[in-house]
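2 protein chains.
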Amino acid sequence: MSNNMTPTAALSSLAALAHECRLDVFRMLVKAGTEGLAAGQIAAALDCPASSLSFHLAQLTRAGLLEQKREGRSLIYSVSFDQFVALMGFLLEDCCQGRSEICAPLAEIARTAACCSETDAGSQQ
Amino acid sequence: MSNNMTPTAALSSLAALAHECRLDVFRMLVKAGTEGLAAGQIAAALDCPASSLSFHLAQLTRAGLLEQKREGRSLIYSVSFDQFVALMGFLLEDCCQGRSEICAPLAEIARTAACCSETDAGSQQ
DNA sequence: TCGACATTTCTAGTATTATCGAATAATTGA
DNA sequence: TCAATTATTCGATAATACTAGAAATGTCGA
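Spelled out as structure tokens, the structure:
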């Protein structure tokens, strides 16, 4: 159910996201999907000095929100969607105690964001 | 659709959540639901000095994640579920570009957390 | 093996945030 | 109006996090 996140892990994930540059990076990578982006591409898009960006990427990665893989000379970063989903789950734990009017909008967000329901979970790429 | 959150607002929400004590407070209030809890109750439950807690409550409130109302001598804090849902939406914006396998688990989280689908959205209290 | 490239690590200077006791403010009952 | 209750604001100190240039690391093509 991908919801085995400790409070400590959630805390470092939130701390990692709580920075303008890192939040930009993360959202850029959410949009990029599983393919991810090279550090250099991100630095260029964000007009951020390489050493600063590297510091931020390391923080996001240490928090478990990003994964890193090497491809030639480049290091490709991508979102760890498992961790991302687990973080959402952690924040929503025991939400609203059965009073549906509180967080019904979440269902819609999930429908919209998850762009999927279960119509076609097999299409790769 | 409750998803008009600016990057700046999202940033301060995340920064507000990125602290052990504040995350505890927030989750406690998520569980408490719309009724909320008095500052004193929270301080007692978390074993946190009143002045420190007040600092943290102010931060969460300034970020828009909590609402405050007076009830006699007590100040009652409760989660602003609108803002909470908007934050989720912000983070999920343009998630996964149609590749359903990425964030399908979100649908389930929403189903579980939202404890509702649309079975019974009229039940008060 | 060398030079160019992509990125990280090191370093130290700077800025931001947290902590909590003491003082202050708002509310109530007598 | 006064004392008790509930909670916030102030202020000084401590702790943590950010920034970005320079140096180091890993990779590749010739």
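Residue numbers (this note's numbering), protein chains in the order written: chain R, 1 to 125; chain H, 1001 to 1125. Just so it is clear, CB atoms sit at the ideal spot from N, CA and C, and this is done for glycine as well. Since the model is a prediction, treat every value here as computed from it, not as a measurement.
Residue Ala39/R holds the alpha-carbon nearest to the alpha-carbon of Glu67/R among Ala104/R, Ala39/R and Asp24/R.
Judged by their CB atoms, Ala1043/H and Leu1053/H are nearer to each other than the 7 Å cut-off.
Residues of chain H whose Cβ lies closer than 9 Å to the Cβ of Arg70/R do not exist, since the nearest Cβ in that chain is about 22 Å away.
Annotated three-state conformation of Arg22/R is helix, per DSSP. Per DSSP, Ser80/R is not a residue of any alpha helix (DSSP H), being assigned neither H nor E. One alpha carbon belongs to Gly36/R, the other to Val79/R, and they sit about 7 Å apart. Residue contact check for Leu1065/H against chain R: no CB pair falls below 7 Å.
In the DSSP assignment, Ser1013/H forms no beta bridge with any residue.
Residues of the segment 1025 to 1054 of chain H with a C-beta atom less than 9 Å from some C-beta of chain R are Phe1026, Arg1027, Val1030, Lys1031, Ala1032, Gly1033 and Thr1034, listed in chain order. Asp1024/H is the residue among Arg1062/H, Asp1024/H and Ala1032/H whose C-alpha sits nearest the C-alpha of Leu1046/H. If the five residues before and after Phe1084/H are omitted, its C-beta is found closer than 7 Å to the C-beta atoms of Leu1065, all from its own chain and listed in chain order.
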